[in-house]
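If you read the protein sequences in the order shown, they are chains A and B. Just so we're aligned: the first sequence equals residues 1319 to 1831 in this note's numbering. Just so we're aligned: the second sequence equals residues 511 to 867 in this note's numbering. Just so it is clear, CB atoms sit at the ideal spot from N, CA and C, and this is done for glycine as well. From a predicted model like this one, the values you see are computed outputs, not experimental measurements. Below: the structure, in structure tokens.
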Amino acid sequence: MTDSRPVLTMTGISKSFPGVRALHNVDFRLFPSEVHALMGENGAGKSTLIKVLTGVYGIDEGSVTLDGEQVAFNGPMQAAAAGVSTVYQEVNLCPNLSVAENIFIGREPRRFGAVRWGEVRRRARQLLARLDLDIDVTAPVASFSLAVQQMVAIARAIDVQARVLILDEPTSSLDAGEVAQLFRIMRQLRDEGIAILFVTHFLDQVYGIADRITVLRNGTLVGEYPTAELPQLALVEKMIGKELDVLEGIEEQPRPELAAIERGTPFVQVSKLGRRGAVAPFSLTIHAGEVVGLAGLLGSGRTEVARLLFGADRADRGEIEVNGTRTGLRNPVQAIDHGIGFCSENRRTEGIIADLSVRENMILAMQAARGWLRPIPRRRQDELVDRYIKALSIRPANPEMPVRNLSGGNQQKVLLARWLITEPRLLILDEPTRGIDIGAKAEIQKLVVQLSDGGMAVLFISAELEEVLRLSHKIAVMRDRELVAHLDNDDTVDADLVMQTIASGTAREEANR
Amino acid sequence: MSDAGNRFRPLLGHRLFWPVAVLVAMLAANTIYRPGFLAIEVNNGHLYGTPIDILRLSAPLILVGLGMTLVISTGGIDLSVGSLCAISGAIACLYISRAPDQNNLVTVLTALAMALGVALVLGAWNGVLVSVIGIQPIIATLILMVAGRGLAQLIAEGQIITINSGPYRAIGLGHLLTLPLAIFIALAAALLVAAFTRRTALGMIVESVGGNREASRLAGIRSGRIVFLVYVVSAACAAIAGFMMTANVSSADGNNTGLWVELDAILAVVIGGTSLAGGRFYLSGTIVGALIIQTLTTTVYAMNISPQTALLFKAVVVIAVCLIQAPAFRAKFRRRRRGTPPPTPSAPQPQKEQVTA
Chain A
1319 MTDSRPVLTM TGISKSFPGV RALHNVDFRL FPSEVHALMG ENGAGKSTLI
1369 KVLTGVYGID EGSVTLDGEQ VAFNGPMQAA AAGVSTVYQE VNLCPNLSVA
1419 ENIFIGREPR RFGAVRWGEV RRRARQLLAR LDLDIDVTAP VASFSLAVQQ
1469 MVAIARAIDV QARVLILDEP TSSLDAGEVA QLFRIMRQLR DEGIAILFVT
1519 HFLDQVYGIA DRITVLRNGT LVGEYPTAEL PQLALVEKMI GKELDVLEGI
1569 EEQPRPELAA IERGTPFVQV SKLGRRGAVA PFSLTIHAGE VVGLAGLLGS
1619 GRTEVARLLF GADRADRGEI EVNGTRTGLR NPVQAIDHGI GFCSENRRTE
1669 GIIADLSVRE NMILAMQAAR GWLRPIPRRR QDELVDRYIK ALSIRPANPE
1719 MPVRNLSGGN QQKVLLARWL ITEPRLLILD EPTRGIDIGA KAEIQKLVVQ
1769 LSDGGMAVLF ISAELEEVLR LSHKIAVMRD RELVAHLDND DTVDADLVMQ
1819 TIASGTAREE ANR
Chain B
511 MSDAGNRFRP LLGHRLFWPV AVLVAMLAAN TIYRPGFLAI EVNNGHLYGT
561 PIDILRLSAP LILVGLGMTL VISTGGIDLS VGSLCAISGA IACLYISRAP
611 DQNNLVTVLT ALAMALGVAL VLGAWNGVLV SVIGIQPIIA TLILMVAGRG
661 LAQLIAEGQI ITINSGPYRA IGLGHLLTLP LAIFIALAAA LLVAAFTRRT
711 ALGMIVESVG GNREASRLAG IRSGRIVFLV YVVSAACAAI AGFMMTANVS
761 SADGNNTGLW VELDAILAVV IGGTSLAGGR FYLSGTIVGA LIIQTLTTTV
811 YAMNISPQTA LLFKAVVVIA VCLIQAPAFR AKFRRRRRGT PPPTPSAPQP
861 QKEQVTA
């Protein structure tokens, strides 16, 4: 299916940002008439590679060759003009403009400076016909489904005589039928000779359409494989990596005792809870003092589960029982009333209030629960804040400093303190250790163990399997927005088993109770 | 920086330093131009003089500015305050003008209560539009800014309502302890709003909602209620300012009462250091900002600047004040940064001819 000569070659690409080496000596090839999946966990360097290719970032080292000639684009526009078009994860269209306008915006056919609207519409219809899409090109883009919008974005991309089409997570907000439609078009374009670079987090989709797979991890190339020669388990292993966890040397933590967990009334019990387009209905039980780990690749629905349990999003089906009583968690206020706390993975946009001080950020949830008419007395505030600055060793230990001036790890600890102050009975931690230094990471892990010893239930979400395995009593495995398995974290469970579960979508017989 | 510079750094770093410096500079410039500018004399047991006038005349702007500060802190804006001044003034004057005894204190208090009540309802209207229906604040309050003028006209039946009421007149021109009563009213309102926000947790919660609405929601704050509340407070402040404006001239003019005060108020808030993007708010800064604007107006009159150039003069001063305050602008003057060198472009790929599909 592939020609012998690649249309695009990237050789020895390195790219650094201040303090971070995003790509190190990465090679990448793309042949005409192939769908090539670029795989890797969050931070592996996928987006950086695409941005280096299309000229969003400059290249530190290495070279890019297109059709045998060396190129260096100064931006996506130039790249598109040379035949390398990109369709981004978030559909980059103007929702209020018509389909035809969106396809030709910025390069409308003109005569004497005036846009030839008839020509715009005619060519838009032709392009869409090539994609088997028969829609009204004068209707605003916003009036169509996301899938159609995605097609319009692709139509826009291939109009410029594209030879290389980059699709950056195009399926992340599509449902199964829409994905099938997209795949049909991708195959059609492939058969027309276009090389497609496809980035996704959905394993099934990779095996459904990709001819070859390139895996990145931590900014380095793991390898390039024909899809048929790389089983799912091997792919997951290559993405996550089976390195010895550095943390183990730092902190020898007691392995949680499964038997010690009380099997009384669960604190939270959900059955068939789900939300259309976010996560398929799932059931989950969390007891007091229990740490439940949520494992799965990025985009597998881990965060969506957490948000439903906290009322940040509303479930559209299923039931929740808290402490044996049926209840609806329709918003965060209700969840907090029930003793649930939630540290979002998006520290900056959903966690800290950057302008406010460390003290104010810490007491915010408690103050919100009391209502503004009952301010927490300043002395009590200082007491609480001092206690948690010490307990979590927050640096600098200055409660009046704006929280924006703290490092990521310390901001994370401030958020932890915000919830610990409310003395929750269930704490949901979504990627609490992502992007923070190893010392802070170890401290947060230790804290989780202490909290569960003290009787608090914890839902622990992390991309790092080792971390989930070390801390959790039970592990729920997510895959493609579905909770596919519950595992008791006993001696029979290890990273291999969890990876196998992620890869295959079913738990091993003896682990699946 | 020199040692002296380091010593003054805490002072220079204070957020009120530049607004106060500008105010002092303007007063100084006036005094140089006209040495009697700062003179205060006692007449009939009352203090008179330009500084007293500035304080008295800035009272309505301070009031409107207090409410505006809270609104802006949530990331919103209230353009309807000028119309609210006109409506509340018109209602109060209409009621008094129809009363048998215009000097009756009960009559005046009833008029004030009625007008304030209507203003609160209109503030609630703004609040509902923004927080419940989710219309952008600038549009939501623009509705009442435009319609409110019509409403004031309607109340006054297209006339300028003239009254002759001692107690009502006192709101604008009366004296207490040798100083104009208006100063005390503005001061009391400022202290009330300060207590209301800083003695309770309201201030922090308003700042939190303005700083990051989604994060605040996830921390359990009912952001909608807070946003609603600030528009009601803003309307109440505007109503009181409307009483002062109409009391000053003993008449209510639906067309002109409080005209453009919303723009002055926004300016005062910004000069005071509150960001239009929302977040931290500074009531004291707004008060200084209002004083700067009033001093500027007085200066224009005192220096006999012709009306044609007066607005231009004001604009230049305002631009200067804003630039001086902007850290980015000051940094530019301290050291000129060099931009990163542009990436060296290599020879662009010869492009394929584009063929019409």
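Met578/B and Asp563/B do not touch by the CB rule: their CB atoms are close to 23 Å apart, not below 8 Å.
By a beta-carbon distance limit of 8 Å, Ile1658/A does not contact Val1588/A. Their separation comes to about 12 Å.
Here DSSP, grouped into helix, strand and coil, assigns Ile564/B to helix.
Comparing C-alpha distances from Leu801/B to each of Val552/B, Ala539/B and Leu567/B shows the shortest one belongs to Leu567/B.
Looking at the backbone, the Cα of Leu806/B and that of Ala830/B are separated by about 13 Å. Judged by beta-carbon spacing, Gly720/B lies beyond the 7 Å limit of Gly799/B, meaning their Cβ atoms are not closer than that value. Under DSSP, Met1774/A takes part in no beta bridge, so it has no partner.
Fewer than three beta-carbon pairs drawn from the segment 1624 to 1640 of chain A and the segment 699 to 715 of chain B are found closer than 8 Å, and the two stretches are therefore not classed as touching. When only Cα atoms are considered, Gly559/B and Thr688/B end up about 12 Å apart. Between the beta-carbon of Gly782/B and that of Thr767/B there is about 24 Å, and that puts the pair past the 8 Å contact cut. Contact note: Ser718/B reaches chain A through Ile1671, Leu1674 and Leu1682, using a C-beta cutoff of 7 Å and chain order. Assigned with DSSP and collapsed to three states, Gln1396/A falls in helix. At a cut-off of 7 Å between beta-carbon atoms, Leu1691/A makes contact with chain B. With the criterion set as a beta carbon lying under 7 Å from some beta carbon of chain B, the members of the segment 1617 to 1631 of chain A are Ala1630, in sequence order.
With distances taken between CA atoms, Arg732/B lies nearest to Ser718/B out of Tyr741/B, Ser744/B and Ser718/B. The continuous beta strand (DSSP E) containing Tyr1543/A extends over residues Thr1538 to Pro1544.
By the criterion of a C-beta distance shorter than 8 Å, Ser607/B is surrounded in its chain by Ile671, Thr672 and Ile673, once the five residues flanking it on both sides are discounted. Closest option to Val530/B, judged by alpha-carbon separation, among Phe823/B, Phe738/B, Arg659/B and Thr796/B: Thr796/B. Ile1820/A sits buried, since 16 or more C-beta atoms from the chains shown fall within 10 Å of its C-beta. Of the residues assessed, Pro1544/A falls on the exposed side of the cut-off, its CB having fewer than 16 other CB atoms within 10 angstroms. Taking a Cβ-Cβ cut-off of 9 Å, the neighbours of Ala1686/A in chain B comprise Ala711, Ile715, Ser718, Ser726, Ala729, Gly730, Ile731 and Arg732, given in sequence order. At a cut-off of 7 Å, the C-beta of Ile1512/A has no neighbouring C-beta in chain B. Taking the Cα of Arg1648/A as reference, the smallest distance to any Cα among Val1402/A, Leu1591/A and Leu1485/A is reached at Leu1591/A.
By the criterion of a C-beta distance shorter than 7 Å, Val742/B is surrounded in its chain by Leu630, Gly633, Ala634 and Gly637, once the five residues flanking it on both sides are discounted. DSSP places Tyr605/B within a helical segment (H, G or I) once states are collapsed to three. For a Cβ distance threshold of 9 Å, residue set Ile1671, Ala1672, Asp1673 and Leu1674 of chain A lies close to Gly789/B, ordered along the chain. Taking 7 Å as the cut-off, the beta carbon of Ala1596/A is found closer than this to the beta carbon of Glu1622/A. Listed as beta-bridge partners of Gln1587/A by DSSP are Thr1603/A and Glu1639/A.
With respect to the 7 Å criterion, Arg1439/A and Ala1418/A are classified as neighbours on the basis of their beta carbons. Against chain B, a Cβ distance below 9 Å from Arg1736/A picks out Ala729. Proximity of Asn722/B to chain A, defined by a Cβ-Cβ separation below 7 Å, is satisfied. In terms of Cβ geometry, Ser760/B and Arg679/B form a close pair [threshold 7 Å].
Across the segment 1648 to 1667 of chain A, CB contacts with chain B closer than 7 Å involve Pro1650, Val1651, Ile1654, Phe1660, Ser1662 and Thr1667, in sequence order along the chain. For Glu1678/A, the C-beta contacts it makes with chain B under 7 Å involve Met714, in order along the chain. Pro1720/A has Ser1675/A as its beta-bridge partners, per DSSP. Under the three-state reduction of DSSP output, Asn1728/A falls in the helix class.
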